[in-house]
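Heads up: the sequence shown begins at 485 in the working numbering, then just goes up one per residue. Where a beta carbon is used, it is the ideal one built from N, C-alpha and C, also for glycine.
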Amino acid sequence: FHDCLMNTREGEMARRYLMEDRGYTEETIQQFRLGFHPNDWQWLVNRSRGQYPESLLSEARLIFKKEGHSRYSDYFVNRVMFPVRDERKRVVAFGGRILPGSAAEGIAKYFNSPESIIFTKSKLLFGLDESRQTIRETETVVVVEGYTDCITAHQFGVTNAVATLGTALTETHVSYLKRLARKVVLVFDGDTAGQQAAERSLTKFIAQEVDLRILTLPAGKDPAEFLEEQGAEQLKQLIADAPEAWNFKLNVCVQKFGLESIDGQHRILEEMLELLASSPNLTGKIREDIILRKLADRLGLNESVVRKRLSEVKQKKSPSLNTNLSSSESYSTPRPTDTSGNFQEADNSTKDNQLESELLEIIFVYPECVTRIQQLISPENLKNPQLRFLYQLCVDLTEEGLVLDINRILDRIADPDLKQLVVKIDAHAREKAVHAKLLDDPAPLEGIPHFLKHSIKNLKWREEREHHEKTKGLLFQNAQNQSLNSDAKELLRKASEFHQKRNIKKIH
């Protein structure tokens with residue numbers, strides 16, 4: 485891939501993109517061994533013939549078989565290649581970015597290698613092989629959100645930067661990094677999504693025994709844009725001044741509610757205590773004492789009052805599902821109407837339960853897809869409380885950086901009937917050979933297997949159908965009017981689209 489980028493006519497457009505659009509120097513491209521896969525579906529198949537077995541390349545998802553085809557095709561076609569290396573500089577995976585200006589509508593901008601025995605994205609950080617020495621020297625690691633931000637940071641001299649691989653920073657990441665560095669600084673884009681991502685990270689990491697800082701960049705910039713406009717010294721100063729994680733949250737609350745009014749102070753207190761109560765690993769630790777003391781001081785409250793209120797908040801949360809348990813704790817759940825595995829609920833049809841249980845079957849046998857599924861279907865979209873609970877548990881385990889397997893899922897569940905349900909779902913998945921179906925067609929244009937895509941499509945169709953039923957009554961109410969209002973017209977348009985989709989679905 486690297487040779488194709490640097491030494492062929494096929495790589496000319498990719499070289500221009502990296503050097504002119506991204507501003508990378510040839511030295512940077514060499515350092516990170518960036519590459520290019522040309523717009524040829526047989527390029528790698530032909531070049532690797534006689535050197536590597538097709539079965540091995542397929543397992544690494546460098547090649548695949550299209551549905552209905554007997555021969556292999558390349559996977560990362562027309563993409564700039566980012567090798568993912570472990571600490572010993574061994575390539576264990578790839579990220580591929582579609583060449584700008586060549587992407588057809590609907591094609592994912594980035595493709596990534598699947599997780600494997602040598603690659604678990606929740607345990608690996610991009611650029612750690614290049615930044616390890618500087619991290620040890622400065623005792624600080626800077627974590628950004630993507631390959632390009634990390635590479636740009638290194639080019640500008642911020643050589644203690646690493647990047648997550650399509651997932652949020654996990655507890656496994658932090659546990660490893662704190663052995664290398666005293667301070668971990670999470671850098672987020674300065675837009676709304678970046679602010680939200682920063683706040684989401686707090687619950688998991690506030691209890692970690694590391695100096696965790698959070699930096700959100702100003703003016704809606706990402707790290708690469710900020711470096712190009714402001715330079716490395718400005719970014720280094722912001723990193724040095726980044727607030728502690730808990731203080732970042734407190735500042736956000738102060739900006740939101742204000743300290744001037746009694747109501748504002750009360751809201752700040754409640755939101756901060758909610759954060760602390762959601763971090764059970766913090767309970768009883770010195771870090772919790774320090775935070776409570778500083779919080780009381782900032783709000784001008786008696787520390788004993790703050791502690792008493794925290795105890796009340798924790799007691800209120802204890803009966804509910806706790807999705808942030810440590811690995812030594814178990815999940816327990818209020819018992820639904822039926823725990824037999826038949827999924828019979830008064831408000832749920834058999835079809836609904838079948839769709840949702842099929843999604844869990846896929847997750848159990850193909851756990852590397854959890855993050856991708858969550859982007860498309862939220863746990864809240866599942867109707868069955870047991871299946872919704874299990875899906876959320878799988879998401880939580882993945883975000884903790886743990887390898888998702890049946891034994892780990894069972895270890896986190898206290899209810900014996902729910903454990904039995906997990907075993908049944910896993911057994912059904914294996915009886916139906918779900919894993920084989922997923923591997924039959926990797927569906928590169930969407931970046932997800934065809935079988936998984938079909939399951940998600942059915943769940944989304946259910947959402948559309950239910951939304952249509954809810955709005956149909958309102959449409960009938962307006963039907964007698966001579967002139968429909970704008971809301972009714974919009975409902976009518978959506979109803980028309982729904983019926984068109986339904987007719988197409990029936991034909992297929």
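Judged by DSSP in its simplified three-state form, V575 adopts strand. Within the stretch 563 to 650, the complete alpha helix (DSSP H) runs of at least 4 residues fall at 612 to 622, 631 to 639. For Y556, the beta-bridge partners assigned by DSSP are K549.
Given a length threshold of 3 residues, each whole run of the beta strand (DSSP E) inside the stretch 513 to 548 is given here in chain order: 519 to 521. Taking V694 as reference, the option from I893, H657, T636 with the minimal CA-CA separation is H657. A direct Cα-Cα distance of roughly 35 Å separates G580 from A911. Distance from the CA of F516 to the CA of K607, rounded to the nearest whole angstrom, comes to 20 Å. If you keep only unbroken beta strand (DSSP E) runs of at least 3 residues inside the stretch 750 to 776, you get nothing at all.
Taken through DSSP and simplified to helix, strand or coil, E728 comes out as strand. Of all C-beta pairs linking the stretch 778 to 798 to the stretch 743 to 757, three or more are shorter than 8 Å, placing the two stretches in contact. Taking 9 Å as the cut-off, the Cβ atoms of N837 and L871 count as close.
Exclusion of the five residues before and after A681 leaves F672 as the residues of its chain whose Cβ lies within less than 6 Å of its Cβ. V642 is the residue among V642, I602, P598 whose C-alpha sits nearest the C-alpha of T618. Per DSSP, reduced to three states, the secondary structure at R791 is helical.
When the Cα atoms are used, T512 and C853 turn out to be separated by approximately 32 Å. Nearest to D889 by alpha-carbon distance, out of D899, A898, C878, E883, is C878.
Within the same chain, Cβ atoms closer than 8 Å to the Cβ of R545 are found at Y559, S597, P598, P926, the five residues on either side in sequence being excluded. L701 carries a coil assignment under DSSP once its states are collapsed to helix, strand and coil. Contact annotation: the stretch 769 to 779 does not touch the stretch 698 to 706, with fewer than three C-beta pairs closer than 8 Å. Beta-carbon to beta-carbon, L734 and I690 are separated by about 11 Å, too far to satisfy the 8 Å threshold. At the C-beta level, S542 and K550 stay beyond 9 Å of one another. An exposed status is given to E713, since fewer than 16 other beta-carbon atoms sit within 10 Å of its beta-carbon. Look at V669 here: in three-state DSSP terms it is strand. If you check the CB distance, E623 and K667 come in under 9 Å. Between N868 and E842 the beta-carbon gap is near 12 Å, outside 8 Å, which marks them as no contact. Across the structure, R531 and F485 are spaced so that their CA atoms are roughly 11 Å apart. By the beta-carbon neighbour count (other beta carbons within 10 angstroms, threshold 16), Q739 is exposed.
When only Cα atoms are considered, C737 and A729 end up about 13 Å apart.
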